[in-house]
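**Student:**
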Amino acid sequence: MELNQKLINLVPYEPIKGEYKVRLDANESCFDLPDQLKKKILENIGEISFNRYPDCMADITLEAFADLYDLNKDYVTAGNGSDELISIITSCFFEKDDVIVTMPFDFSMYSFYGSMYELNVKVFDKNEDLSIDVDKLIDFCNENKAKALIFSNPCNPTSLGLDKNEVRKIIKSLNCFVILDEAYMDFWDQSLLSEIEDFENCIILKTCSKAIGLAGIRMGFAVAKEKITTALRAAKSPYNTDSISQVIAALVLKEKEYIKEKCNILIQNTQELYKGILEIQNKYSVFEKIYLTRTNFVFIKTDKDELIYDYMLKKSIAIRKFKGFLRINAGKEEENKELLQVLELCVHQV
Ligand SMILES: *Cc1c(COP(=O)(O)O)cnc(C)c1O
């Protein structure tokens, strides 16, 4: 028995291990659900028939999601996190060696699943400042006969965003699939969800893991017109989302005011975090660049990434490092304050 080449050097995904006082490494919402809502959830879970399979289509959840974003629920497919939807799309919509285009830095799962399903993952290089030249991108996809372009907007981890007229131009100019991951769009106002009707070739991905504050239950959505949605629903495993997650997501997605309020606080806290980091930069000039943020996190270019990361961890603050970069998501006000204090102490020393 031999493992194939794809698996032989693969290691399980490992988030930071251990207990940390402040967790700003995974872009999660810092707000757990209020007790009252948790109580309501528990009561509703009590009504579930646990001996029965869940609803294949997660209808109650689709309804709440479609209502929140003012969509037609016939255009929505629920997934076990948007991660699962990326996996279904890359495995079922393409064939071996089909070209899909990614733009690193971007969400690592795109190229992970692309390679896993033996697609030809071609990389389009962003500009030096991590912005995207849209015309060059369109040419690149055409020249490479791409079957799909996949990217996040706004982008994880760069925190930058493309205006919707630019994304619209990309979708309209390409004949291939455009998989547009709007995981962080609740923090910005350039969503194309309301225009999905106009796009035959576009799949927009959404998740409950970030602004909605439900990373723990695994619920994501793909939004696309009938032809794509029918294929997606047929290709997914029938019972991909469980009864408990369906109930929880449906209840939380109905709390429009709550979601909006938390979202606004997260946007505010991100701006405060960004300003705080800029102030540190003004004093010590240690970073090469701090990127504008359209998300709930701040992305920093620095060759001190390892040093700063290790220092923060020792002070029980978890952030995320990439080679030559750091990503820090906004937490609660007091968490941000603590982060900024420790970060200043740290850069003062390096
Ligand atoms: C966090 C994130 C997701 C969410 O994935 P889930 O599986 O729904 O938790 C999707 N796309 C991007 C770009 C992300 O950063």
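In our numbering, the protein residues as written are 1434 to 1783.
Just so it is clear, CB atoms sit at the ideal spot from N, CA and C, and this is done for glycine as well.
1) The beta strand (DSSP E) that contains Ser1548, what's its start and end?
2) Residue ranges of each alpha helix (DSSP H) run of no fewer than 4 residues wholly in the stretch 1460 to 1527, ordered along the chain?
3) At 4 residues or longer, what runs of the alpha helix (DSSP H) sit wholly inside the stretch 1605 to 1668?
4) Which residue or residues does DSSP assign as beta-bridge partners of Ile1733?
5) From the DSSP output, in three-state form, read off Phe1538 for me.
6) Return the chain-ordered list of same chain residues with a C-beta closer than 8 Å to the C-beta of Asp1736, the five sequence neighbours on each side being excluded.
7) Within 10 Å of its beta-carbon, does Ala1668 have 16 or more other beta-carbons around it, so buried, or fewer, so exposed?
8) Determine the burial state of Pro1445: buried for a count of at least 16 other Cβ atoms within 10 Å of its Cβ, exposed for fewer.
9) What separation, rounded to the nearest whole angstrom, lies between the Cα atoms of Leu1613 and Phe1584?
10) Under three-state DSSP, which class holds Asn1769?
11) Is the closest heavy atom of ligand 1 to the C-beta of Phe1540 under 7 Å?
12) Do you know offhand how far Lys1747's Cα is from Glu1452's?
13) Would you report the Cα separation of Cys1489 and Asp1562, rounded to the nearest angstrom?
14) Using beta-carbon positions only, say whether Val1534 and Phe1557 come within less than 8 Å of one another.
15) Between Lys1605, Cys1641, Asn1762, which has its C-alpha nearest Ala1575's C-alpha?
16) Report buried or exposed for Cys1767, applying the criterion of at least 16 other Cβ atoms within 10 angstroms of its Cβ.
17) Heavy atom of ligand 1 less than 7 Å from the Cβ of Ala1616, yes or no?
18) Going by beta carbon distance, what residues of the same chain come within less than 7 Å of Ile1565, once the five residues before and after it are set aside?
19) Confirm the yes/no value for this check: CB of Ser1585, any heavy atom of ligand 1, distance under 7 Å.
20) May I have the straight-line CA-CA distance separating His1781 from Ile1713, to the nearest angstrom?
21) Are there any heavy atoms of ligand 1 lying less than 7 Å away from the beta-carbon of Ser1544, as far as the coordinates show?
22) Check whether the Cβ of Asn1460 sits closer than 7 Å to any heavy atom of ligand 1, and report yes or no.
23) Could you give the DSSP three-state label for Lys1689: helix, strand or coil?
24) Go to Ile1752, then tell me how far its beta strand (DSSP E) extends in each direction, as first and last residue.
25) Should Ser1520 be listed as close to ligand 1, given that the test is whether its C-beta is under 7 Å from any heavy atom?
**Tutor:** Based on what the coordinates show:
1) In the sequence shown, residue 1548 corresponds to position 115, counting from 1. The continuous stretches of beta strand (DSSP E) do not include Ser1548, which lies in the alpha helix (DSSP H) extending over residues 1542 to 1549.
2) With a minimum length of 4 residues, the continuous alpha helix (DSSP H) runs that stay inside the stretch 1460 to 1527 are 1468 to 1478, 1492 to 1501, 1514 to 1525.
3) Secondary structure within the stretch 1605 to 1668: the alpha helix (DSSP H) runs of 4 or more consecutive residues, fully enclosed, are 1659 to 1668 (chain order).
4) By 1-based counting over the sequence shown, the position of residue 1733 is 300. According to DSSP, which records beta bridges pairwise, Ile1733 is partnered with Ile1723, Leu1759.
5) Here residue 1538 corresponds to residue number 105 of the sequence shown, with the count starting at 1. Coil at Phe1538, not helix or strand.
6) Along the sequence shown, one-based indexing puts residue 1736 at 303. Sequence-distant partners of Asp1736 (beyond 5 residues in either direction) whose C-beta falls short of 8 Å from its own C-beta, in its chain, are Glu1721, Gly1757.
7) If you number the sequence shown from 1, residue 1668 lands on position 235. Counting Cβ neighbours within 10 Å, Ala1668 comes out exposed, since fewer than 16 surround it.
8) In the sequence shown, residue 1445 corresponds to position 12, counting from 1. Under the 10 Å beta carbon count, Pro1445 is surrounded by fewer than 16 other beta carbons and is classified as exposed.
9) Against the sequence shown, residue 1613 aligns to sequence position 180. Against the sequence shown, residue 1584 aligns to sequence position 151. When rounded, the distance between both Cα atoms is 6 Å.
10) The sequence position of residue 1769 within the sequence shown is 336, counting from 1. Residue state, collapsed to three classes: helix.
11) One-based indexing of the sequence shown puts residue 1540 at position 107. The beta carbon of Phe1540 sits closer than 7 Å to at least one heavy atom of ligand 1.
12) For the purposes of this step, residue 1747 is taken as residue 314 along the sequence shown, with counting starting at 1. For the purposes of this step, residue 1452 is taken as residue 19 along the sequence shown, with counting starting at 1. Looking at the two C-alpha atoms, the distance is approximately 11 Å.
13) Here the question's residue 1489 lines up with position 56 in the sequence shown. Here the question's residue 1562 lines up with position 129 in the sequence shown. Roughly 44 Å separates the two Cα atoms.
14) Here residue 1534 is taken as the residue at index 101 of the sequence shown, counted from 1. Here residue 1557 is taken as the residue at index 124 of the sequence shown, counted from 1. Contact: yes.
15) Translated into the one-based positions of the sequence shown, residue 1575 becomes position 142. This sequence places Asn at residue 1575; Ala is not what is there. Asn1575 has its Cα closest to that of Lys1605, out of Lys1605, Cys1641, Asn1762.
16) One-based indexing of the sequence shown puts residue 1767 at position 334. With the sequence shown as reference, residue 1767 is identified as Glu, and Cys is not the correct amino acid for it. Classification of Glu1767: exposed, given that the 10 Å Cβ count is below 16.
17) Sequence index remark: in the sequence shown, residue 1616 carries index 183 (1-based). Because some heavy atom of ligand 1 lies under 7 Å away, the Cβ of Ala1616 counts as near it: yes.
18) Locating residue 1565 in the sequence shown gives position 132, counting from the first residue. Met1536, Lys1559, Leu1595.
19) Here residue 1585 refers to the residue found at position 152 of the sequence shown. Answer for Ser1585: yes, Cβ within range of ligand 1.
20) One-based indexing of the sequence shown puts residue 1781 at position 348. One-based indexing of the sequence shown puts residue 1713 at position 280. Our two residues, His1781 and Ile1713, have alpha carbons roughly 9 Å apart in a direct line.
21) Position 111 of the sequence shown holds residue 1544. Set against 7 Å, the gap from the CB of Ser1544 to the closest heavy atom of ligand 1 is not smaller.
22) If you number the sequence shown from 1, residue 1460 lands on position 27. Yes, ligand 1 has a heavy atom inside 7 Å of this Cβ.
23) Locating residue 1689 in the sequence shown gives position 256, where the first residue counts as 1. In this structure, Lys1689 counts as helix in the three-state DSSP scheme.
24) Residue 1752 sits at position 319 when you count from the first residue of the sequence shown. No residue range can be given for Ile1752, since it is assigned to no beta strand (DSSP E) and is classified by DSSP as neither H nor E.
25) Walking along the sequence shown from the start, residue 1520 turns up at place 87. Residue side-chain check: Ser1520 keeps its Cβ at 7 Å or more from all non-hydrogen atoms of ligand 1.
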